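The sequence shown begins at 1 in full-length UniProt numbering and counts up one residue at a time. For every residue, glycine included, the Cβ atom is placed at its ideal position computed from N, Cα and C. Quick caveat, the model's predicted, so the values are computed rather than measured. Just below is one structure, and these are the notes that go with it.
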Amino acid sequence: LLTILTRHVNSLTVKPLSQTRWESRIDALKPLRYELGNIYDALIEMSGDTTFTRSSGNTARSDAEALANGLSKFKFVTSLILWYNSLFEINLTSKQLQEKNLNIHSAIQKLQQTKNILEEFRSDEGFKRTLVDSLKLAEEIDFPAEFEPEPIHIRQKKQQFSYEGRDTLIQNPKQRFKMNFYFAVLDTAIHSVNERFQQMQQLESVFGFLYDIHSLQKKTAKQIREFYIDATDLCSELQTFSRRFKKHSTPEEVLKFVCENKLTDSFPNIFIALRILLTLPVSVASGERSFSKLKLIKTYLRSTMVQERLVGLATMSIEHEIAEKLDLKELVTELSKLKARKVMF
């Protein structure tokens, strides 16, 4: 099977889907998006190869034929284009959110861009562009570029009131696919981005003024206290500090300036607020890194584990490069001295 597949697909290799890496989703779709014709030819060759014998060989031939039939449907090709375009934009934003120097303000801008792109997809013009790409991809396999009609069972629903109207079903297969699948997938994606976007906006509403301290000169003390934080000392410090610092400075530069010039005692509230802002997590990697390590450490055989031991094992697993450089014999010796009841002279 692998020999036939590699003979047809040269540039991109077919990859499995991983449950712990978000990027594996776009990696699994990329060969189908750009090598669909070659993958289809490989499946056809597998289904007709008589060298596959016994039960396993017959099962492989049957599965290859079923997969080839599924790939040759226009609905699958259109779904493939939709998923690839959407996941490509989401994966690009996901990588940007994992940047080391990213702050909340930049993350909001990137999420807003992703939301705008998804909203462009969820339109009649976006659906037409998806169909154009689907038609080009369908020509590689040479099958009819049209949505197959599906049997529709109309459920008899009893009317409770005389003024109720009967539900009208969408008979056009193209329109039904557009409403029930295309728009539904994008609505779910936009809703998820909106949830993340709103959480970021809540944080920026509290700490957003720290990204442009110099602009606070134009605001009165009452405006600062009402709009930002109910803290008189912080308000006074911000107004005083904004007159002494240059424009267009990032929170990192402001904090560095405070520390280098030993102003932590003069502006303690600004120092604390900047540290809180810069330590707020912009994104979480639970689905990509931490979660994968957690599944390797805490399996069903280790269902009962205290938090201290779990944190220690996770730290050793994540920082395995540093852990490999440690001298275990020396560490055990020092531990035994600390735990020993007798003092060695």
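Asked                                                                                                                        : Found
Spatial distance of ASN58 from THR51 (CA atoms)                                                                              : 10 Å
Cα-Cα separation between MET200 and GLN112, rounded to whole angstroms                                                       : 11 Å
Euclidean distance between Cα positions of GLY48 and LEU36                                                                   : 19 Å
Residue 359 - DSSP class collapsed to helix/strand/coil                                                                      : This structure leaves residue 359 out entirely; the chain is present only between 1 and 345.
Cβ-Cβ distance between LEU255 and LEU238 below 7 Å                                                                           : no
Pick from LEU32, LEU67, PHE76, ARG309 that is closest to PHE181, judged by C-alpha positions                                 : PHE76
Pairwise C-alpha distance: ALA107 and LEU97                                                                                  : 6 Å
Beta-carbon separation (whole angstroms), LEU82 vs VAL185, contact threshold 8 Å                                             : 6 Å
Through-space distance from LEU280 to ASN10, alpha-carbon basis                                                              : 45 Å
Cβ neighbour criterion (16 or more within 10 Å) applied to ASP230                                                            : Caution is warranted here: a pLDDT of 45 is assigned to ASP230, below 50, making its placement in the model unreliable, and the coordinate value is therefore given only provisionally. ASP230 comes out exposed.
Distance between SER134 and ASP41 (C-alpha atoms, nearest Å)                                                                 : 18 Å
Rounded separation between MET179 and ARG122 - CA only                                                                       : 10 Å
Outcome for THR69 when other beta-carbon atoms lying within 10 angstroms are tallied against a minimum of 16                 : The sequence given here places Asn at residue 69; Thr does not occur at that position. By the neighbour-count rule (16 or more Cβ atoms within 10 Å), ASN69 is not buried but exposed.
With 16 other Cβ atoms within 10 Å as the buried cut-off, status of ALA328                                                   : Residue 328 is actually Leu in this sequence, not Ala. LEU328 is exposed by the Cβ-count criterion.
Spatial neighbours of LEU131 in its chain, beta-carbon cut-off 8 Å, leaving aside the 5 residues before and after            : THR78
Span of the alpha helix (DSSP H), counted from its first residue to its last, around GLU65                                   : 54-71
Given GLY312 as reference, the closest of LYS325, ILE297, PRO173, GLU324 once Cα atoms are compared                          : ILE297
Cβ shell of ARG289 (< 7 Å), same chain only, five flanking positions each side left out                                      : Annotation note: pLDDT 46 at ARG289 (below 50); position unreliable, coordinate value reported separately. Closer than 7 Å at the Cβ level, and outside the excluded window around ARG289, lies no residue.
Pick from SER94, SER236, LYS325 that is closest to SER24, judged by C-alpha positions                                        : SER94
Three-way DSSP call (helix, strand, coil) for ARG196 in this model                                                           : helix
Test item: CB-CB of LEU67 and LEU32 under 7 Å                                                                                : no
Among ASN103, GLU140, GLU195, nearest to ILE276 - alpha-carbon criterion                                                     : ASN103
Check whether THR304 and VAL193 have beta carbons under 7 Å apart                                                            : no
Neighbour-count burial assignment, GLU89, 16 or more Cβ in a 10 Å radius                                                     : buried
Start and end residues, alpha helix (DSSP H) containing ARG275                                                               : 268-278
Cβ pair PHE147, LYS174 closer than 7 Å                                                                                       : yes
Cβ shell of GLU120 (< 8 Å), same chain only, five flanking positions each side left out                                      : GLY126
7 Å CB neighbourhood of GLU140 in its chain, flanking five on each side removed                                              : LEU36, GLY37
Terminal residues of the alpha helix (DSSP H) in which ASP124 lies                                                           : 124-141
Limits of the unbroken alpha helix (DSSP H) element including GLN171                                                         : GLN171 -> no alpha helix (DSSP H), and no H or E assigned at all.
7 Å Cβ cutoff met for ILE26 and ASN91                                                                                        : yes
Chain-order list of residues whose beta-carbon lies under 8 Å from that of THR220 (same chain, five-residue window excluded) : Model confidence at THR220 stands at a pLDDT of 47, short of 50, so the residue's coordinates are unreliable; what they give is reported in the following sentence. Result list for THR220: empty, nothing under 8 Å.
Whole-angstrom C-beta distance between PHE74 and ALA138, which should lie under 8 Å                                          : 6 Å
Span separating the alpha-carbon of GLN202 from that of PHE241                                                               : 25 Å
Nearest residue (CA-CA) to ASN85, options ALA60, ARG61, LYS30, SER56                                                         : LYS30
Cβ shell of THR264 (< 7 Å), same chain only, five flanking positions each side left out                                      : VAL258, PHE271
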